[in-house]
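Numbering-wise, the numbering used here puts 99 at position 13 of the sequence shown, and it's gapless, one number per residue.
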Amino acid sequence: MSVLYIRSLPNGEILHALSDTNLIQIVFAEHRILFDRYDLSDTDLVVENIKKMGYNGYDYYSTTSPQLMAPHYHKENEARLITSGVGTFFILVGEIVYEFWTMAGDFVVIPKNQKHWFKVDEHVSAVRFFESDREYTAIYLT
87 MSVLYIRSLP
97 NGEILHALSD
107 TNLIQIVFAE
117 HRILFDRYDL
127 SDTDLVVENI
137 KKMGYNGYDY
147 YSTTSPQLMA
157 PHYHKENEAR
167 LITSGVGTFF
177 ILVGEIVYEF
187 WTMAGDFVVI
197 PKNQKHWFKV
207 DEHVSAVRFF
217 ESDREYTAIY
227 LT
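Shown next, in the form of structure tokens:
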């Protein structure tokens, strides 16, 4: 189950925990973050439908080793469809961190210039979608 923890900074206290898809969508919409869930019984069809949202390129990403990316942002939207495993997005908005545990079927779009990072738990596979034909570049915070 996808879960959104809303944490305050600097202590990381959990202010709210949400698992209802509709409530997560409402919270994210306030920050132009898109979240949706897809049935992955036909992944190719899901990928084709997402591409129609204006994404010109995509690739498949998979890792089996736990990782934590450094905080960064992109000059274009970051869109991911989680196809297997579990990963966690951390999205920084002012003094709040949205800690979003994702699973297979979750589609997330982080808006351009939004500070975030991603943690791979044990393994995760995803389709990453790009507005341009090439991969987006991470701009790391210093």
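Just so it is clear, CB atoms sit at the ideal spot from N, CA and C, and this is done for glycine as well.
Going along the chain, which residues of its own chain have a beta-carbon closer than 7 Å to the beta-carbon of TYR91, five neighbours each way excluded?
-> Here residue 91 is taken as the residue at index 5 of the sequence shown, counted from 1. Correct list, in chain order: ILE100, ALA103 and GLU185.
Measuring alpha carbon to alpha carbon, tell me which of TYR159, ALA190 and PHE193 ends up nearest LEU178.
-> Position 92 of the sequence shown, counting from 1, holds the residue named residue 178. Ranking TYR159, ALA190 and PHE193 by Cα distance to LEU178 puts TYR159 first.
Segment contact, 8 Å Cβ cut-off, at least three pairs: the stretch 128 to 148 with the stretch 157 to 177 | yes
Environment of ILE119 [buried if 16+ CB atoms lie within 10 Å] | Here residue 119 is taken as the residue at index 33 of the sequence shown, counted from 1. Buried, since its Cβ has 16 or more Cβ neighbours within 10 Å.
Tell me whether the beta-carbon of TYR141 lies closer than 8 Å to the beta-carbon of PHE215.
-> Locating residue 141 in the sequence shown gives position 55, counting from the first residue. Locating residue 215 in the sequence shown gives position 129, counting from the first residue. The answer is yes: Cβ separation under 8 Å.
Any idea if ILE110 is buried or exposed, counting beta-carbon neighbours within 10 angstroms, 16 or more meaning buried?
-> Here residue 110 corresponds to residue number 24 of the sequence shown, with the count starting at 1. Under this definition ILE110 is a buried residue.
Between ILE110 and the ligand MG, is the CB less than 7 Å from at least one heavy atom?
-> Only the bare structure without any ligand can be found here, which leaves the ligand MG out of the picture.
PHE193 and ASP122 closer than 8 Å at C-beta | Taking the sequence shown and counting its residues from 1, one reaches residue 193 at position 107. Taking the sequence shown and counting its residues from 1, one reaches residue 122 at position 36. Going by C-beta atoms, PHE193 is nearer than 8 Å to ASP122.
Exposed unless 16 or more other CB atoms sit within 10 angstroms - verdict on THR188 | Walking along the sequence shown from the start, residue 188 turns up at place 102. Under this definition THR188 is a buried residue.
In its own chain, which residues sit with a C-beta less than 7 Å from the C-beta of LYS201, not counting the 5 before and 5 after it?
-> Looking up residue 201 in the sequence shown gives position 115. These residues qualify, in order along the chain: PRO157, TYR159, LEU178 and LEU227.
For ALA156, the first and last residue of its enclosing beta strand (DSSP E) | Numbered from its first residue, the sequence shown carries residue 156 at position 70. Unbroken run through ALA156: none, as it is neither H nor E.
Sub-8 Å separation of VAL183 and ARG93 beta-carbons | Start at 1 with the first residue of the sequence shown, and residue 183 comes out as number 97. Start at 1 with the first residue of the sequence shown, and residue 93 comes out as number 7. Going by C-beta atoms, VAL183 is nearer than 8 Å to ARG93.
Less than 8 Å between the CB atoms is what I'm expecting for PHE205 and GLY173, so what's the real figure, rounded?
-> Position 119 of the sequence shown, counted from the first residue, corresponds to residue 205. Position 87 of the sequence shown, counted from the first residue, corresponds to residue 173. Note that residue 205 is Lys in the sequence shown, not Phe. With a Cβ gap of about 6 Å, LYS205 and GLY173 count as contacting.
Proximal residues to HIS117 (C-beta, below 7 Å), its chain only, five neighbours per side dropped | In the sequence shown, residue 117 corresponds to position 31, counting from 1. Cβ neighbours of HIS117 beyond the five flanking positions: VAL179.
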